[in-house]
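Asks: Each residue of the sequence shown is one higher than the last, beginning at 594 in my numbering. Note that the Cβ used here is the ideal one computed from N, Cα and C, for glycine as well. What you are looking at is a predicted structure, and each value in this text was computed from that prediction instead of being measured. Take this structure, written in structure tokens, and hold onto it; I'll ask about it next.
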Amino acid sequence: MSLPRQSPQGIDHPLVTVRDHAEALALYRRMGFAPSPVSYHPWGSVTSLMMFRDNFIEVIGIDDASKFGTNSSVTCDGERFCFGRQLGEFLARGEEGVSLVALHSRNADADHQRLTAAGLPSQGRIDFRRKMTLPDGRDDEAVVSLALFIDPSLPDASNFLCHQHRPELIWVEGWQQHPNEVDGITAITYLAEPGDLKAPHPLETRWRAIYGDAVVWRDGVLEADTGCGMLRAVDAAQAAREFPQMALPASTQDPTLRPHAIAIRLNTRNPRAMRELLTRNAVPHHQIDERTVVDARAAGNVLLEFVGAE
């Protein structure tokens, strides 16, 4: 097994949060992904992973809402936080799509302390175990620590840190072989209007607390180089330029009030075969310059951009 070449707080995985988990996995299979076996969290959610070399997409839904507030929840400032309820509330607003983005950690306690000291609001730490089945049929149990940084003012553009104590059970090479030959996430793009010109961009302060000088403005786009993929923030005009004549992922909120992720950019080793696969499986997509972009409605309310050397 080769461990991911992750930097601290690099993109670990976006949570594509959906109402019908089985239907969403069928959509991802049509795009040429090979999801990991379905497994369950102790707080009531159901999950499957599109694993790559250094990061992954987690397609997640609610399996049993009666487990909200039980098992691996945490009390912070007198309030009880539950990860499953956080996802359930996202879906209850009438939305699907990227609810949160997990950032990589190899020491959740130290990273939590550092980011809390940098001023990020935190709900504390959660430790949990998740039963899983490996490609050879063996059952085992992942051991995970999370550090929660959910900003109430940025509920759909917040993060948590993910520390895998048994990474050999997650970064399984057999789960990294996809017919579409995708091998990693290179960027996640958010729609976020700048708001009051006298105030900082709604995501700039947060990203600078995490990444410092790795956050820059480039041609009107806010970028944070995480060391394992780029976080990007665009306004509506830039989004229209980047995704012409495409419907952006739906949000029930005004983006000036609720910034949210609209696109995940992925590298494929074989763009031509990727396009042929999408066409053969009748997946709605557009060719925009060097990018093949799958419609949001075919990917759980997020645009998937596929790029790669021809």
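Can you name the start and end residues of the beta strand (DSSP E) that Met536 belongs to?
Replies: The displayed coordinates of the chain run from 594 to 903. Any statement about residue 536 would go beyond what the structure contains.
Asks: Rank Glu883, Gly677, Leu642 and Arg811 by C-alpha distance to the C-alpha of Ile719 and give the top, closest one.
Replies: If we check each option's Cα against that of Ile719, Gly677 comes out closest.
Asks: I'd like to know whether the C-beta atoms of Asn860 and Thr779 end up nearer to each other than 8 Å.
Replies: Yes.
Asks: Within 10 angstroms of the Cβ of Trp764, are there 16 or more other Cβ atoms? Answer buried if so, exposed if not.
Replies: Flag for Trp764 reads buried.
Asks: With respect to the alpha helix (DSSP H) encompassing Trp800, which residues constitute its N-terminal and C-terminal limits?
Replies: That run of the alpha helix (DSSP H) goes Glu797 to Tyr804.
Asks: Have a look at Gln757, Ala740, Arg759 and His758 and flag the residue whose alpha-carbon is nearest the alpha-carbon of Ser751.
Replies: Per the Cα distances, Ala740.
Asks: Determine the extent of the alpha helix (DSSP H) in which Arg868 is found, giving its start and end residues.
Replies: It spans Pro864 to Arg873 - the alpha helix (DSSP H) in which Arg868 sits, taken as one unbroken run.
Asks: Between the Cα of Arg623 and the Cα atoms of Glu903, Arg868 and Val900, which residue gives the shortest distance?
Replies: Per the Cα distances, Arg868.
Asks: Among all the DSSP beta bridges, which residues are the ones paired with Gly777?
Replies: Answer is Asn860, bridged to Gly777.
Asks: Sorted by chain position, which residues of the same chain lie with C-beta nearer than 8 Å to Glu777's C-beta, five sequence neighbours on each side aside?
Replies: Note on residue identity: the sequence assigns Gly, not Glu, to residue 777. Hits under 8 Å: Phe645, Arg646, Asp647, Asn648, Gly822, Leu859 and Asn860.
Asks: Given this structure, state the Cα-to-Cα distance separating Gly603 from Pro760, to the nearest angstrom.
Replies: The straight-line gap from Cα to Cα measures roughly 15 Å.
Asks: Using the C-alpha atoms, what's the distance from Arg862 back to Gly901?
Replies: Approximately 6 Å between the Cα atoms of the pair.
Asks: What residue from Met643, Leu620, Ser638 and Asp749 has the CA that sits closest to Pro630's CA?
Replies: The residue with the shortest Cα to Cα distance from Pro630 is Met643.
Asks: Using C-beta distances below 7 Å, list every residue in its chain close to Ala870, excluding the 5 sequence neighbours before and after it, in chain order.
Replies: For clarity, residue 870 is Leu in the given sequence; the question names Ala instead. Cβ neighbours of Leu870 beyond the five flanking positions: Gly625, Pro772 and Asn773.
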